[in-house]
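Reviewing the structure listed below.
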Amino acid sequence: MNEKGKERFQDSKRASWIEGVVRDFLIHSPDNTLGNPAADRAFEKVIVGFSKGDDPLYDAYKELVGPFHWTPWEIFSKTFPGLALQPGELTVIAWVVAHHPLTKEDNRQETFYPSERWARARIFGEQVNEKLRRHVVAALEAEGYAAVAPALSPEWERKASEKYVFASTWSERHAAYASGLGTFGLCDGLITPLGKAVRVGSVIACIGIPPTPRPYTDHHAYCLFFSKGLCKQCISRCPAGALSEAGHDKQKCRSHVRPVTEEYVKAHYGFDGYGCGLCQTGVPCESHIPLPSEGQ
Ligand code: SF4
Ligand code: SF4
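So for the sequence shown, numbering that gives the first Met the number 0 puts the first residue at 0; every next one is plus one.
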């Protein structure tokens, strides 16, 4: 094997190692729980993708999302000002974790408020995702690779965006899109091979890993409405009238989630939380990339 071949072999070994770090956490960590007395698992399946720090999509996000959206190099340089690195030396490691089948099943039955499991997954599940980000950063650092989870950076902020209304300095879903993991649906959720009832996370590291091929060129490729003019089932699932053929009205969605579901969750489930996800469950894209036959 020549030097280039050896390098590629090392790169793909690093990819498998990182995938193992993520997978092992979800399988073995007692932290993967909905926080209920039975300590039910929050997430079951996971997929991991990679994109290069100098992928042109990250520059394009400055136009598409807003000029405030970081490139991988920007947040990495803010975090490690002493490291002089080129954008191409960085890899974005992104993952998609699927909600547990029981969580999806419960929410499928709902027509207005979230099920208890779903509300728990929104709050305690995201805490699991935060721990996963920290775990991946720690595993990389233990092997000598500098790493940062942008969404956990003290510099991370929410931003108003002309196009997206609510945006932030780092979008996990856009990192996952760039890393070959999925495309956007009518309700703005990411439709992935594990479906849209998922949560998404990412870490940026100074490590060489081959990018995951993106099996799409259109950011709406997997949504049956945008690709085939079919489906629209998420529109009728939305209890807030926030979805239409024109897309996702984030203001209406947010007003439903908080305070409407927030008050309900506190009163009926006994914890401070909120959530909805009706457009993510009971729809053809819930647990896989939907087939045209499912959108009729
Ligand atoms: S339910 Fe149908 S229209 Fe809505 S995001 Fe999924 S595939 Fe697209
Ligand atoms: S999260 Fe709920 S309120 Fe928001 S778009 Fe989806 S179904 Fe509608």
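Ideal Cβ placement from N, Cα and C applies to all residues, glycine included.
As the structure is a computational prediction, the values presented were derived from the model and not from experiment.
Does the distance from the CB of residue i to the CB of residue j come in under 8 Å?
i: residue 33; j: residue 116; result: yes
i: residue 242; j: residue 46; result: no
i: residue 71; j: residue 89; result: yes
i: residue 93; j: residue 145; result: no
i: residue 221; j: residue 181; result: yes
i: residue 68; j: residue 152; result: no
i: residue 10; j: residue 209; result: yes
i: residue 127; j: residue 271; result: no
i: residue 157; j: residue 35; result: no
i: residue 164; j: residue 249; result: yes
i: residue 199; j: residue 236; result: no
Would the beta-carbon of residue i be found less than 7 Å away from any heavy atom of ligand 3?
i: residue 184; result: Ligand 3 is not part of the structure shown, which contains ligand 1 and ligand 2 as its ligands.
For residue i and residue j, what's the separation of their Cα atoms in angstroms?
i: residue 40; j: residue 99; result: 7 Å
i: residue 137; j: residue 240; result: 42 Å
i: residue 174; j: residue 48; result: 9 Å
i: residue 213; j: residue 167; result: 24 Å
i: residue 290; j: residue 281; result: 15 Å
i: residue 160; j: residue 219; result: 20 Å
i: residue 179; j: residue 20; result: 19 Å
i: residue 52; j: residue 27; result: 30 Å
i: residue 135; j: residue 95; result: 14 Å
i: residue 233; j: residue 227; result: 15 Å
i: residue 238; j: residue 206; result: 44 Å
i: residue 125; j: residue 57; result: 24 Å
i: residue 217; j: residue 288; result: 14 Å
i: residue 268; j: residue 262; result: 10 Å
i: residue 293; j: residue 230; result: 8 Å
i: residue 251; j: residue 224; result: 21 Å
i: residue 50; j: residue 279; result: 26 Å
i: residue 150; j: residue 109; result: 30 Å
i: residue 260; j: residue 107; result: 16 Å
i: residue 139; j: residue 85; result: 19 Å
i: residue 265; j: residue 17; result: 38 Å
i: residue 12; j: residue 211; result: 14 Å
i: residue 38; j: residue 123; result: 11 Å
i: residue 244; j: residue 65; result: 24 Å
i: residue 79; j: residue 142; result: 17 Å
i: residue 191; j: residue 81; result: 37 Å
i: residue 187; j: residue 295; result: 21 Å
i: residue 309; j: residue 183; result: The structure shown does not extend to residue 309, since the chain is modelled only from 0 to 295, so the question has no answer here.
i: residue 247; j: residue 83; result: 41 Å
i: residue 15; j: residue 111; result: 41 Å
i: residue 154; j: residue 101; result: 36 Å
i: residue 215; j: residue 130; result: 30 Å
i: residue 44; j: residue 105; result: 18 Å
i: residue 283; j: residue 61; result: 32 Å
i: residue 91; j: residue 59; result: 16 Å
Assuming residue i and residue j form a contact by the criterion Cβ under 8 Å, report the distance between their Cβ atoms to the nearest whole angstrom.
i: residue 189; j: residue 176; result: 7 Å
i: residue 42; j: residue 63; result: With a Cβ gap of about 28 Å, residue 42 and residue 63 do not count as contacting.
i: residue 121; j: residue 274; result: 3 Å
i: residue 195; j: residue 285; result: 6 Å
i: residue 97; j: residue 202; result: The pair is not a contact, with the Cβ atoms about 19 Å apart (cut-off 8 Å).
As an exercise, report each continuous beta strand (DSSP E) stretch of at least 3 residues that is fully enclosed by the stretch 115-172, in chain order. 157-160, 164-167
Entirely within the stretch 233-284 and at least 3 residues each: give me those beta strand (DSSP E) ranges in chain order. none
Does the stretch 68-86 come within contact of the stretch 251-259, defined as at least 3 CB pairs closer than 8 Å? no
Ranges of the beta strand (DSSP E) found wholly within the stretch 25-73, counting only runs of at least 3: 42-51
Complete beta strand (DSSP E) runs within the stretch 170-213 (minimum length 3 residues, chain order): 197-204
Please give me, in chain order, every unbroken run of the alpha helix (DSSP H) with length at least 4 that falls completely inside the stretch 77-111. 100-107
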